[in-house]
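Here's the structure we're looking at; comments come further down.
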Amino acid sequence: MATVKRIGVVGGGQMGSGIAQVATMHGVDVWLHDLDPQALSKASSSISSSIHRFVSKSHITQAKGAEALKRLRFTSNLEDFRLADFIIEAIVESEDVKKDLFVKLDKIAKSSAILASNTSSISITRLASSTSRPRQVIGMHFMNPPPVMKLIEIVRGADTSEETFAATKALAERMGKVVITSQDYSGFIVNRILMPMINEAFFALYTGVATKEDIDTGMKLGTNHPMGPLELADFIGLDVCLSIMRVLQAGLGDNKYAPCPLLVKYVDAGRLGRKRGVGVYEYHKESRSAKS
Ligand code: NAI
1 MATVKRIGVV
11 GGGQMGSGIA
21 QVATMHGVDV
31 WLHDLDPQAL
41 SKASSSISSS
51 IHRFVSKSHI
61 TQAKGAEALK
71 RLRFTSNLED
81 FRLADFIIEA
91 IVESEDVKKD
101 LFVKLDKIAK
111 SSAILASNTS
121 SISITRLASS
131 TSRPRQVIGM
141 HFMNPPPVMK
151 LIEIVRGADT
161 SEETFAATKA
171 LAERMGKVVI
181 TSQDYSGFIV
191 NRILMPMINE
201 AFFALYTGVA
211 TKEDIDTGMK
221 LGTNHPMGPL
231 ELADFIGLDV
241 CLSIMRVLQA
251 GLGDNKYAPC
261 PLLVKYVDAG
271 RLGRKRGVGV
281 YEYHKESRSA
291 KS
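Sequential numbering from 1 applies to the sequence shown in this note's numbering.
Below is the structure:
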């Protein structure tokens, strides 16, 4: 496949906006689409303030920052993706919603375009099977936040071609990332290991083993993790963590992946983490409050 010149990113939430930012900062033209106009305007301001931070810390020059912002376009019309060489989906973690989108993208995108999903856990093979181009469907799993985290987990669906894999790896490396490759099993590599740990931290809180602060401090200082598991869950989004646990439970067929009732309860209550200002912890602007 020729070098990717223009990508489309679907979903302007925390991951989609970060992916769009990384791509434009590495010289790729980007269209960012979201159904929700508010999400698009939030994405626009968070990307430009993040790029300005890169400039003020001298990680990139002012000219490079300005060029990056110029390469980025926002659209509420998915049809604009007809000219994209490569499309990355980063919408809600629901198989049905993602499949609907892949059906639409398959119709809109040019025949050579690759369709990638940033899913944390959903089967790439099943997403691919909703399209007429399963050889050109792949998992491209960025870590949060995409502008900072070095890793991309590439997931091969059952029919993903070598050409699609090579083009995706080349794009990831062009974005300055390190690539690992996973076969298509629920949770892939990182979330298969990370999410049961986060779920176990919820069980420790639920059964009164310790306070949330002690659970997080224990894992930070005891195992040298930069964030405790409950803090990390708030950062990822409790809804995303719950969806992933459900995918692990269904896909790997083992009750050890059953989501903790406390995690379910928080999601039911709309305590989705940092993005809602409340999750396990309460947040006032950027700081974490000690309140429960
Ligand atoms: P988010 O909730 O911040 O953003 C999702 C966005 O998708 C929202 O702005 C929503 O309006 C939009 N959306 C929903 N349905 C849509 C549709 N049909 N068409 C266009 N836009 C639509 O979610 P987040 O955290 O960005 O997650 C997105 C994906 O990335 C999920 O698949 C998640 O599993 C994955 N992911 C999340 C990570 C995290 O730490 N939050 C890390 C790595 C992957």
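Beta carbons are placed, not taken as given, at the ideal position from N, Cα and C, and that holds for glycine.
Predicted model only: the values in this text are computed from it and were never measured.
**Study point:** Local conformation of V9 per DSSP, three classes
**Key:** Indexing the sequence shown from 1 puts residue 9 at position 9. It is a strand residue.
Practice item. Please classify H141: is it buried, with 16 or more other beta-carbons within 10 angstroms of its beta-carbon, or exposed? Key: If you number the sequence shown from 1, residue 141 lands on position 141. So H141 counts as buried.
Review point. Since L263 contacts N191 with CB under 8 Å, what's their CB separation in whole angstroms?
Key: If you number the sequence shown from 1, residue 263 lands on position 263. If you number the sequence shown from 1, residue 191 lands on position 191. The Cβ separation is near 14 Å, so there is no contact.
Point to revise | Inter-residue spacing [alpha-carbon to alpha-carbon] between I300 and S45 | key: Any question about residue 300 goes unanswered here, given that the chain covers just 1 to 292.
Practice item. State the DSSP-derived secondary structure class of G228, mapped to helix, strand or coil. Key: On the sequence shown, residue 228 is found 228 positions in, with the first residue counted as 1. Three-state DSSP puts G228 in coil, outside helix and strand.
**Study point:** Buried or exposed (CB count within 10 angstroms, at least 16 for buried), H33
**Key:** Start at 1 with the first residue of the sequence shown, and residue 33 comes out as number 33. Result: buried.
Practice item. Report yes or no: do three or more beta-carbon pairs, one from the region 95 to 108 and one from the region 24 to 43, lie closer than 8 Å? Key: no
Check your understanding: For L4, does the count of other Cβ atoms within 10 angstroms reach 16, so buried, or fall short, so exposed?
Key -> Locating residue 4 in the sequence shown gives position 4, where the first residue counts as 1. Reading off the sequence shown, one finds Val at residue 4, where the question assumed Leu. Result: buried.
Review point. Would you report the Cα separation of K275 and L232, rounded to the nearest angstrom?
Key: The residue given as residue 275 occupies position 275 in the sequence shown. The residue given as residue 232 occupies position 232 in the sequence shown. Their backbone Cα atoms lie some 12 Å apart in a straight line.
Review point. From T125 to R135, what does the alpha carbon distance come to, in whole angstroms?
Key: On the sequence shown, residue 125 is found 125 positions in, with the first residue counted as 1. On the sequence shown, residue 135 is found 135 positions in, with the first residue counted as 1. Computed Cα separation, rounded: 10 Å.
Practice item. Return the chain-ordered list of same chain residues with a C-beta closer than 8 Å to the C-beta of N144, the five sequence neighbours on each side being excluded. Key: As a working mapping, residue 144 is identified with position 144 in the sequence shown. The residues are Q14, M15, G18, F235 and I236.
Review point. Taking contact to mean at least 3 C-beta pairs separated by less than 8 Å, is the region 148 to 167 in contact with the region 219 to 228?
Key: no
Check your understanding: Is there at least one non-hydrogen atom of the ligand NAI closer than 7 Å to the beta-carbon of L238?
Key -> On the sequence shown, position 238 is the one that residue 238 refers to. It does not: the Cβ of L238 is nowhere closer than 7 Å to a heavy atom of the ligand NAI.
Check your understanding: DSSP on M175, reduced to helix/strand/coil?
Key -> Position 175 of the sequence shown, counted from the start, is the residue given in the question as residue 175. The answer is coil: DSSP assigns M175 none of H, G, I, E or B.
Practice item. Can you check DSSP and say which residues form a bridge with D29? Key: Mapped onto the sequence shown, residue 29 falls at position 29. BP columns for D29 point to R6.
**Study point:** Cα-Cα separation between F74 and S41, rounded to whole angstroms
**Key:** Numbered from its first residue, the sequence shown carries residue 74 at position 74. Numbered from its first residue, the sequence shown carries residue 41 at position 41. So the two alpha carbons sit approximately 9 Å from each other.
Review point. Mind checking E153: buried by the 16 CB within 10 Å criterion, or exposed?
Key: Along the sequence shown, read from residue 1 onward, the residue named residue 153 stands at position 153. Buried, because 16 or more other Cβ atoms sit within 10 Å of the Cβ of E153.
Exercise for review: Label D268 either buried or exposed according to how many other C-beta atoms from any shown protein chain fall within 10 Å of its C-beta, with 16 as the threshold for buried.
Suggested key: Within the sequence shown, numbered from 1, the residue matching residue 268 stands at position 268. Exposed, since its Cβ has fewer than 16 Cβ neighbours within 10 Å.
Check your understanding: Which residue comes first and which comes last in the beta strand (DSSP E) that contains A211?
Key -> Your numbering for residue 211 matches position 211 in the sequence shown. Sequence inspection shows Thr at residue 211; the Ala mentioned does not correspond to that position. Note, T211: premise wrong, no beta strand (DSSP E); not H, not E.
Point to revise | Member of V92, V155, S243 and F81 whose CA lies at the smallest distance from the CA of V30 | key: As a working mapping, residue 30 is identified with position 30 in the sequence shown. Minimum Cα distance to V30 is reached at F81.
Review point. Excluding the five sequence neighbours on either side, which residues of its own chain have a C-beta within less than 7 Å of the C-beta of P37, listed in chain order?
Key: The residue you call residue 37 lines up with position 37 of the sequence shown. S76.
Exercise for review: Classify E89 as buried or exposed, calling it buried when 16 or more other Cβ atoms lie within 10 Å of its own Cβ.
Suggested key: Taking the sequence shown and counting its residues from 1, the one referred to as residue 89 is at position 89. Looking at its Cβ environment, which holds 16 or more other Cβ atoms inside 10 Å, E89 is buried.
Check your understanding: From which residue to which residue does the beta strand (DSSP E) around S117 run?
Key -> To locate residue 117, count along the sequence shown from 1; it is residue 117. Start and end: I114 to S117.
**Study point:** Close beta carbons around F202, own chain, < 6 Å, minus the five adjacent residues each side
**Key:** For the purposes of this step, residue 202 is taken as the residue at position 202 of the sequence shown. So the qualifying residues of the chain are C260, L262 and L263.
Review point. Out of S58, V28 and K110, which has the shortest C-alpha to C-alpha gap to L83?
Key: Here residue 83 is taken as the residue at index 83 of the sequence shown, counted from 1. The residue with the shortest Cα to Cα distance from L83 is K110.
Practice item. State the start and end residues of the unbroken alpha helix (DSSP H) segment that holds I154. Key: Position 154 of the sequence shown, counted from the first residue, corresponds to residue 154. Segment L151 to R156 is the beta strand (DSSP E) holding I154; no alpha helix (DSSP H) there.
Point to revise | Which listed residue (I114, S120, L127 and L171) has its alpha carbon closest to that of D96 | key: Numbered from its first residue, the sequence shown carries residue 96 at position 96. Taking only the C-alpha atoms, the option nearest D96 is L127.
Exercise for review: Classify A172 as buried or exposed, calling it buried when 16 or more other Cβ atoms lie within 10 Å of its own Cβ.
Suggested key: Translated into the one-based positions of the sequence shown, residue 172 becomes position 172. Under this definition A172 is a buried residue.
Exercise for review: Rank L35, L230, R246 and P147 by C-alpha distance to the C-alpha of F54 and give the top, closest one.
Suggested key: Along the sequence shown, read from residue 1 onward, the residue named residue 54 stands at position 54. Comparing Cα-Cα distances from F54 to each of L35, L230, R246 and P147, the minimum goes to P147.
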